[in-house]
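Here is the structure we will look at.
Residue numbers (the working numbering), protein chains in the order written: chain Z, 699 to 1036; chain V, 7 to 179.
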């Protein structure tokens, strides 16, 4: 029995769903940061302590000030999620992070990527390049302390934000066929519970060789019905993990896929998805599982649920274009995704 | 074990007790006919029959079996109505089985009027719904349909659907 199946079976048998298990923490030390940082040291420091630390070091070095030995000390998260480095707590030039912030842990790796972005942002600013706003709501970056030595800080713990990654395709077949799988995940997921809800609209602009509109439902033999859209579909998030609807099956891919409309047609199919994560949401009763196209096994509704409290809309769009009318040089389908 | 099977076989057993008994069953012991009889018996509630179909497939079926073998396991599937089998051709969402445009995803609606209960079969290659329906009901099929491998078996229910069976995740529980 595979481990994945074993886990799911255990969840099913126990009647509960376990949150994602954290990976074992690895101890992390940044050696030599106080001896004058090179690129690797800066990277390590950034990994261990955050953007402000790196920015502070760079700033001080640019003024000809070497950081004092012992300036870097044990860093520990405080209530505001600051990593504070105080000179009086210095010890041998090494930075130790609490286990949950160490590289190799989900939170640690996410933090590293996030804070590295800040460091690059600051570097760009120092070079006089345009600097975009760093944060939207809910997060804040702070400046290093110049009076207490080097202050290692990071922005407040992030609100869970919906992200996606392509996991299948996009693939195409001649005359309008396509398939694209994207997987949801949450930044700063923690152990959050809630729902991902996506609003999906589909626009069909399909014509025949004489530029007359094509009845998509009839042309597809009933396989595709434009009346299915707009719709709102939902994935439950439990313990920071995304599931297929409210089932015990882990989310794998939100898929946009349609069969080809065949020869004698041309045009464009545009799928516009707007997805958002709603922490703590109780799914409105209007959502039902139909186990049918196009939402498949997801709870779905065709009535706007008028949800609020999302943490940031994520676009999930696909456009398919083809020309399979006589005289066309190619029957290939072109797909663009965003 | 016998007490659990008795609870499951009682048509009056409440759904929560039924699911509890199913969850406490060991890995083996009862024959496939135990579940098939419940699935085919109109004295049981529709949901009770649906869970019996799930367990029949989960405990005695396996991803990788052929459609012909699956039909034999279901034993005629008297619960399968004329409109009880669909093919998923269009998707703007997600299924409990993997989506592969080169394969066929069948949905078996196991409870009339309650679309929340379903069994998903991902069959290798492109297969015809009418031929699959005929096979599941009669055991008869053209060679290609009967020999088509079922790569995944997924389940959907309002409560406690079992995890998907996949070729790479082993056989029967």
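All C-beta atoms, glycine included, are put in the ideal place defined by N, C-alpha and C.
So, for residue 19 of chain V: in the same chain, excluding its five sequence neighbours on each side, which residues have a beta-carbon less than 6 angstroms away from its beta-carbon? 13, listed in sequence order.
Open item on the list: According to DSSP, is residue 789 of chain Z part of a helix, a strand, or is it coil?
Closed with: Below a pLDDT of 50, predicted positions are generally treated as unreliable, and residue 789 of chain Z, at 35, falls in that range; the measurement from the model is reported next regardless. The answer is coil: DSSP assigns residue 789 of chain Z none of H, G, I, E or B.
Report task. Determine the DSSP secondary structure at residue 57 of chain V, reduced to helix, strand or coil. Result -> Here residue 57 of chain V sits in helix by DSSP.
message: Which residue wins for smallest C-alpha separation from residue 131 of chain V, given the options V:109, V:28 and V:97?
response: Answer by Cα proximity: V:109.
Check whether the Cβ atoms of residue 865 of chain Z and residue 969 of chain Z sit closer than 9 angstroms, and answer yes or no. No, the Cβ-Cβ distance between residue 865 of chain Z and residue 969 of chain Z is not below 9 angstroms.
Can you find at least 3 beta carbon pairs, one from the region 151-166 of chain V and one from the region 89-96 of chain V, that sit closer than 8 angstroms?
Cβ pair count under 8 angstroms is below three, so no.
Indicate whether residue 861 of chain Z and residue 883 of chain Z have their beta-carbon atoms separated by less than 9 angstroms. Cβ atoms of residue 861 of chain Z and residue 883 of chain Z: closer than 9 angstroms.
Exercise for review: Would you tell me roughly how many angstroms separate the C-alpha atoms of residue 155 of chain V and residue 857 of chain Z, rounded to the nearest one?
Suggested key: Straight across, the Cα-Cα distance linking residue 155 of chain V with residue 857 of chain Z is about 44 angstroms.
Outcome for residue 168 of chain V when other beta-carbon atoms lying within 10 angstroms are tallied against a minimum of 16
The residue is buried, with at least 16 neighbouring Cβ atoms inside 10 Å.
As assigned by DSSP and simplified to three states, the class of residue 120 of chain V
Coil.
Just to confirm, is the Cβ distance from residue 954 of chain Z to residue 895 of chain Z under 9 angstroms? With contacts defined by Cβ atoms closer than 9 angstroms, residue 954 of chain Z and residue 895 of chain Z do not form a contacting pair.
_With three or more beta-carbon pairs closer than 8 angstroms as the criterion, would you say the region 105-123 of chain V touches the region 40-59 of chain V?_
The region 105-123 of chain V vs the region 40-59 of chain V: in contact.
Quick one: which chain V residues come within Cβ less than 8 angstroms of residue 992 of chain Z?
Under the 8 angstroms cutoff, chain V gives 96, 97, 98 and 99.
Residue 134 of chain V at chain Z interface by Cβ criterion, 9 angstroms = Chain Z contact via Cβ: absent.
Cutting at 8 angstroms between CB atoms, please list the residues of its own chain near residue 72 of chain V, excluding the five before and the five after it. Closer than 8 angstroms at the Cβ level, and outside the excluded window around residue 72 of chain V, lie 152, 153, 154, 155 and 156.
Checklist line | Segment contact, 8 angstroms Cβ cut-off, at least three pairs: the region 119-129 of chain V with the region 1016-1034 of chain Z | finding: Between the region 119-129 of chain V and the region 1016-1034 of chain Z there are fewer than three C-beta pairs closer than 8 angstroms, too few to call the two in contact.
Residue 860 of chain Z - containing beta strand (DSSP E), residue span:
First-last of the beta strand (DSSP E) with residue 860 of chain Z: 859-871.
Q) Quick one: which chain Z residues come within Cβ less than 8 angstroms of residue 115 of chain V? A) Per Cβ cutoff of 8 angstroms: 989.
Requested in this report: Output yes if chain V places a C-beta closer than 9 angstroms to the C-beta of residue 952 of chain Z; else output no.
Outcome: Output row for residue 952 of chain Z: interface = yes.
request  = Name the residue from Z:999, Z:870 and Z:1026 whose alpha carbon lies nearest to the alpha carbon of residue 984 of chain Z.
outcome  = For the residues Z:999, Z:870 and Z:1026, the minimum Cα distance to residue 984 of chain Z belongs to Z:999.
Inter-residue Cα distance where the pair is residue 982 of chain Z and residue 930 of chain Z:
For the pair residue 982 of chain Z and residue 930 of chain Z, the Cα-to-Cα distance works out to about 11 angstroms.
- What are the residues of the region 990-1022 of chain Z that lie near chain V, defined by any Cβ-Cβ distance shorter than 9 angstroms? For the region 990-1022 of chain Z, the residues whose beta carbon sits under 9 angstroms from a beta carbon of chain V are, in order, 990, 991, 992, 993, 994, 995, 996 and 998.
- Message: I'd like to know whether the C-beta of residue 732 of chain Z is nearer than 9 angstroms to at least one C-beta of chain V.
- Response: Unreliable placement is indicated for residue 732 of chain Z, whose pLDDT of 34 sits below 50; the coordinate value is still reported in the next sentence. So, not an interface residue.
Quiz item: If you draw a straight line from the C-alpha of residue 904 of chain Z to the C-alpha of residue 924 of chain Z, how long is it?
Solution: Residue 904 of chain Z and residue 924 of chain Z: Cα-Cα distance of roughly 12 angstroms.
Margin query: Does chain C have any CB closer than 9 angstroms to the CB of residue 105 of chain V?
Written below: In summary, chain C is missing from the structure at hand, where the protein chains are Z and V.
Checklist entry - Taking three-plus beta-carbon pairs below 8 angstroms as touching, is the region 906-921 of chain Z in contact with the region 960-967 of chain Z? => result At 8 angstroms Cβ cutoff, the stretches touch.
**When V:96, V:106, V:119 and V:77 are compared against residue 144 of chain V, the one with the closest alpha-carbon** = With distances taken between Cα atoms, residue 144 of chain V lies closest to V:77.
Does residue 162 of chain V come within less than 9 angstroms of chain Z when only Cβ atoms are used?
With 9 angstroms as the cut-off, residue 162 of chain V counts as an interface residue toward chain Z.
- Query: Rounded to the nearest angstrom, how far is the Cβ of residue 45 of chain V from that of residue 105 of chain V, given a contact under 8 angstroms?
  - Reply: Between residue 45 of chain V and residue 105 of chain V, the beta carbon gap of about 28 angstroms keeps them out of contact (Cβ cut-off 8 angstroms).
Could you tell me the distance, in whole angstroms, from the CA atom of residue 24 of chain V to the CA atom of residue 10 of chain V? If I take the Cα positions, the gap works out to 9 angstroms.
Open item on the list: Which residue wins for smallest C-alpha separation from residue 902 of chain Z, given the options Z:1016, Z:1036, Z:942 and Z:885?
Closed with: Of the candidates Z:1016, Z:1036, Z:942 and Z:885, the one whose C-alpha sits nearest the C-alpha of residue 902 of chain Z is Z:1016.
Kindly indicate the opening and closing residues of the alpha helix (DSSP H) around residue 903 of chain Z. Secondary structure note for residue 903 of chain Z: it is in no alpha helix (DSSP H), and the uninterrupted beta strand (DSSP E) holding it is 892-905.
For the alpha helix (DSSP H) containing residue 151 of chain V, name the first residue and the last one. Element bounds for residue 151 of chain V: 149-153.
Assuming the contact rule is C-beta atoms closer than 8 angstroms, residue 892 of chain Z and residue 978 of chain Z should be a hit. Round their C-beta distance to whole Å, please. The beta-carbon distance between residue 892 of chain Z and residue 978 of chain Z, rounded to whole angstroms, is 5 angstroms. This is short enough to meet the 8 angstroms contact definition.
ask   = How about residue 170 of chain V: is its C-beta nearer than 9 angstroms to some C-beta of chain Z?
value = Closer than 9 angstroms to some Cβ of chain Z, the Cβ of residue 170 of chain V qualifies, so yes.
Note to self: Only counting the same chain, and skipping five residues up and downstream in sequence, which positions put a Cβ closer than 7 angstroms to that of residue 845 of chain Z?
What the structure shows: Confidence at residue 845 of chain Z is low in this model, with a pLDDT of 45, below 50, so its placement is unreliable and no value can be given for it.
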